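J.: Could you have a look at this structure, given as structure tokens, before my questions?
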Amino acid sequence: MGGDRYTILFEVFKELFQSEEISVFELRERLKRKGLLPDENSVRKFYYYIQKLEEEGFAISERRGKRKYLKPLLGTKNSIVLGSRWSGFITFLLLALPNVYRLRFGEELRKFSEHLLGFDLTEHLSGDFFLREMVFLPQRDLFETLGLLVKALRHNWIVSALLVEDKAVKFVPKHLHFRDGKIYIFGPSPEGDIVKLRLDYVKALTAVGREEKAAAWALSPELLYESNEKPFVFGIAFHRVYMHAGKNDPDIIFPTQYYAKMDGEYYIYYLLGFTGDRFAQKFLTILYDEIIEPRLGMLKRVDLIGDFYPKPPHRLEENEKRFLLFLETLEKHLDLRNAIVKRKKLLFRD
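When the letters of the sequence shown are read in order and numbered with this note's numbering, they come out as residues 9 to 358.
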């Protein structure tokens, strides 16, 4: 499993904190053993984040001989000094991880959250299938607000959020969602309505009270998606020789992947798809040898999807209808791309 931007950043921070002090060489080797640094590009990301963690005051370094050693600046794993900015930074790292990473390292993430934040924040986090990256450094001012939100979430505080249009909204923060490079906050208002806010639209946050009795509250996954984004199951296939260089184990190749198996010379992957443009655009970023229509065997394994995404319909026929809509949308985007390529070829020849 190659490491995307935030997975590498999170693992760098986690290993650094848990080790109290570690050489950059050993840190790099640990990430390589986890399969997070498979190529030169991912190694460059690794060194980039080492540098940025130092520049932003999250870590300090010391050179001894030929090796460079790092220490986290929030304290050690046995003596934590955690302010709102640190809480916000850690929350951001947990929030921006791909859902496939949450599924693979869920227990480890829960323990990490409990140790650093004092409770299991991962139960209150989710990420979209289209993980468009948030620019790390320019957004660092939001860490303070995010840290205050996490504190309110832990203690069931009622908060008043002052928005950029100078409107104040009262609610109890219950859930954080990362979508299209933005962080969204969900929670009930005192009147019982569902409040949805974008973090970068919040100018100030003030605690104004506490829920007398914390009611059970669950966010329906359907609320995290557009009304035209309906889930369905389908699959894709890769030939083992051309796509995996003869490896024996299937990779994690797509955010909504929930099952993989070897079938003869092909790796078969079951995916949760969505109707609408966003999923089709995301799907254009991967290669495949075959697209497989919805099948009953795929529906029998939908429990593996977990709570990260809304569940597809139980009936195969409804999945097939949505799959057809997806193919039509995918064809539209492919035609647009092909038209751009053809136009560019004509202009270049002239």
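Every residue, glycine too, gets a C-beta built ideally from N, C-alpha and C.
Since this is a predicted model, take the numbers as computed values, not measurements.
1. DSSP state of GLY43, grouped into three classes?
2. With burial defined as no fewer than 16 other Cβ atoms inside 10 Å of the residue's Cβ, what is the status of PHE356: buried or exposed?
3. Quick one, are the C-beta atoms of TYR278 and ARG309 less than 8 Å apart?
4. Would you give the residue range spanned by the beta strand (DSSP E) that PHE291 belongs to?
5. For ASP136, which residues from the same chain have a beta carbon less than 6 Å from its beta carbon, with the 5 sequence-adjacent residues on both sides left out?
6. Please return the same chain residues whose Cβ sits closer than 6 Å to the Cβ of ASP297, not counting the five positions on each side in sequence.
7. In the DSSP assignment, find the unbroken beta strand (DSSP E) run with TYR266 in it and report its ends.
8. What does DSSP give as the partner residue(s) for TYR275 in the beta ladder?
9. What's the call for PRO239, buried or exposed, on a 16-neighbour Cβ count within 10 Å?
10. Would you mind working out which of PRO80, GLU219, ARG112 sits nearest GLU64, comparing C-alpha positions?
11. Specify the secondary structure class of MET142 as computed by DSSP and reduced to three states.
12. Could you spell out where the alpha helix (DSSP H) holding GLY214 opens and where it closes?
13. Looking at the secondary structure, which residues open and close the alpha helix (DSSP H) in which TYR56 lies?
14. Do you know how far the Cα of LEU103 is from the Cα of VAL203?
15. By DSSP, does ILE166 sit in helix, in strand, or in coil?
16. Please go through the region 296-344 and give each complete beta strand (DSSP E) segment of 3 or more residues, from N-terminal end onward.
17. Counting beta carbon pairs with one atom in the region 163-179 and one in the region 102-121, are three or more of them shorter than 8 Å?
18. Can you tell me whether LEU133 is buried or exposed, with buried defined as 16 or more other CB within 10 angstroms of its CB?
19. Taking ASP128 as the reference, give the member of PHE242, PRO302, GLU37, VAL158 with the closest Cα.
20. Mind checking LYS337: buried by the 16 CB within 10 Å criterion, or exposed?
21. Give every residue of the same chain whose Cβ lies closer than 6 Å to the Cβ of LEU35, excluding the five residues on either side of it in the sequence, and list them in chain order.
22. Any idea if VAL241 is buried or exposed, counting beta-carbon neighbours within 10 angstroms, 16 or more meaning buried?
23. Could you pull the DSSP bridge partners for ILE191 from this structure?
24. Pull up the distance between the alpha-carbon of THR15 and that of LYS40, whole angstroms please.
25. Given this structure, state the Cα-to-Cα distance separating GLY195 from ILE166, to the nearest angstrom.
26. In angstroms, rounded to a whole number, what distance separates the CA positions of GLN289 and GLU70?
27. What number of angstroms, rounded off, separates the C-alpha of TYR317 from the C-alpha of GLU230?
28. Which residue marks the beginning of the alpha helix (DSSP H) containing LYS119, and which one marks its end?
29. Under 8 Å, do GLY189 and GLY96 count as touching if we go by C-beta distance?
30. With H, G and I counted as helix, E and B as strand and the rest as coil, what does DSSP make of SER228?
31. Measuring straight from C-alpha to C-alpha, what distance separates SER125 and ARG323?
32. Does DSSP classify SER434 as helix, strand or coil?
33. Apart from the five residues just before and just after HIS163, which ones in its own chain have a Cβ nearer than 8 Å to its Cβ?
34. Which of the three DSSP states, helix, strand or coil, is assigned to ALA67?
35. Who are the Cβ neighbours of THR283 in its own chain at under 8 Å, not counting the five residues just before and after it?
T.: The structure says:
1. The sequence position of residue 43 within the sequence shown is 35, counting from 1. Note: GLY43 maps to coil in three-state DSSP.
2. What you label residue 356 is simply residue 348 of the sequence shown in a count that begins at 1. Around the beta carbon of PHE356, fewer than 16 other beta carbons lie within 10 angstroms, which makes this residue exposed.
3. For this step, residue 278 is matched to residue 270 along the sequence shown. For this step, residue 309 is matched to residue 301 along the sequence shown. When the beta-carbon positions are compared, TYR278 and ARG309 come within less than 8 Å of each other.
4. The residue you call residue 291 lines up with position 283 of the sequence shown. From DSSP, PHE291 is part of no beta strand (DSSP E) but of the alpha helix (DSSP H) over 285-291.
5. By one-based count along the sequence shown, residue 136 stands at place 128. ARG187.
6. Translated into positions along the sequence shown, residue 297 becomes position 289. The residues are ALA245, PHE246, HIS247.
7. In the sequence shown, residue 266 corresponds to position 258, counting from 1. That run of the beta strand (DSSP E) goes 265-271.
8. Numbered from 1 along the sequence shown, position 267 holds the residue referred to as residue 275. According to DSSP, which records beta bridges pairwise, TYR275 is partnered with PHE246, MET270.
9. In the sequence shown, residue 239 corresponds to position 231, counting from 1. So PRO239 counts as buried.
10. For the purposes of this step, residue 64 is taken as the residue at position 56 of the sequence shown. Cα-wise, what sits closest to GLU64 is PRO80.
11. Along the sequence shown, one-based indexing puts residue 142 at 134. Unreliable placement is indicated for MET142, whose pLDDT of 44 sits below 50; no coordinate value is reported for it.
12. Against the sequence shown, residue 214 aligns to sequence position 206. Position check: residue 214 holds Thr in this sequence, whereas Gly was assumed. Run containing THR214: none in the alpha helix (DSSP H); it sits in the beta strand (DSSP E), 210-218.
13. Locating residue 56 in the sequence shown gives position 48, counting from the first residue. Annotation: the continuous alpha helix (DSSP H) that includes TYR56 extends over 48-63.
14. Mapped onto the sequence shown, residue 203 falls at position 195. Mapped onto the sequence shown, residue 103 falls at position 95. Distance between the alpha carbons of VAL203 and LEU103 is about 19 Å.
15. Against the sequence shown, residue 166 aligns to sequence position 158. Here ILE166 sits in strand by DSSP.
16. Whole beta strand (DSSP E) segments, 3+ residues: 298-300.
17. No: fewer than three Cβ pairs fall under 8 Å.
18. To locate residue 133, count along the sequence shown from 1; it is residue 125. By the neighbour-count criterion, in which a residue is buried when 16 or more other Cβ atoms sit within 10 angstroms of its Cβ, LEU133 is buried.
19. The count along the sequence shown starts at 1 and reaches residue 128 at position 120. It is VAL158.
20. For the purposes of this step, residue 337 is identified with residue 329 of the sequence shown, where counting begins at 1. Going by the sequence as given, residue 337 is Thr instead of Lys. Buried is the label assigned to THR337, since at least 16 other Cβ atoms lie within 10 Å of its Cβ.
21. In the sequence shown, residue 35 corresponds to position 27, counting from 1. Counting only Cβ-Cβ distances below 6 Å, and skipping sequence neighbours, we find GLU23.
22. Along the sequence shown, read from residue 1 onward, the residue named residue 241 stands at position 233. Counting the other Cβ atoms within 10 Å of the Cβ of VAL241 gives 16 or more, which makes it buried.
23. Working through the sequence shown from its first residue, we reach residue 191 at position 183. Looking at the DSSP assignment, ILE191 forms a beta bridge with PHE186.
24. Translated into positions along the sequence shown, residue 15 becomes position 7. Translated into positions along the sequence shown, residue 40 becomes position 32. When rounded, the distance between both Cα atoms is 13 Å.
25. Residue numbering aside, residue 195 sits at position 187 when the sequence shown is read from its first letter. Residue numbering aside, residue 166 sits at position 158 when the sequence shown is read from its first letter. Whole-angstrom Cα-Cα distance: 10 Å.
26. Numbered from 1 along the sequence shown, position 281 holds the residue referred to as residue 289. Numbered from 1 along the sequence shown, position 62 holds the residue referred to as residue 70. C-alpha separation (whole angstroms): 45 Å.
27. One-based indexing of the sequence shown puts residue 317 at position 309. One-based indexing of the sequence shown puts residue 230 at position 222. Taking the straight line from one Cα to the other gives about 8 Å.
28. In the sequence shown, residue 119 corresponds to position 111, counting from 1. Counting along the chain, LYS119 sits inside the alpha helix (DSSP H) bounded by residues 114-125.
29. Here residue 189 corresponds to residue number 181 of the sequence shown, with the count starting at 1. Here residue 96 corresponds to residue number 88 of the sequence shown, with the count starting at 1. Contact check for GLY189 against GLY96 fails: the beta carbons are separated by 8 Å or more.
30. Taking the first residue of the sequence shown as 1, we reach residue 228 at position 220. Assignment of SER228 by DSSP, reduced to helix, strand and coil, places it in the coil class.
31. Counted from its first residue, the sequence shown places residue 125 at position 117. Counted from its first residue, the sequence shown places residue 323 at position 315. As written in the sequence, residue 125 is Leu, which differs from the Ser given in the question. Between LEU125 and ARG323, the C-alpha separation is close to 42 Å.
32. In the structure as shown, the chain begins at 9 and stops at 358. Residue 434 is therefore absent and cannot be evaluated.
33. Taking the first residue of the sequence shown as 1, we reach residue 163 at position 155. So the qualifying residues of the chain are ARG218.
34. The count along the sequence shown starts at 1 and reaches residue 67 at position 59. Collapsing the DSSP output to three states places ALA67 in a strand.
35. Taking the sequence shown and counting its residues from 1, one reaches residue 283 at position 275. Residues of the same chain with a CB within less than 8 Å of the CB of THR283, apart from the 5 flanking positions on each side, are ASN236, GLU237, LYS238, PHE240, ARG330, LEU333, PHE334, THR337 in chain order.
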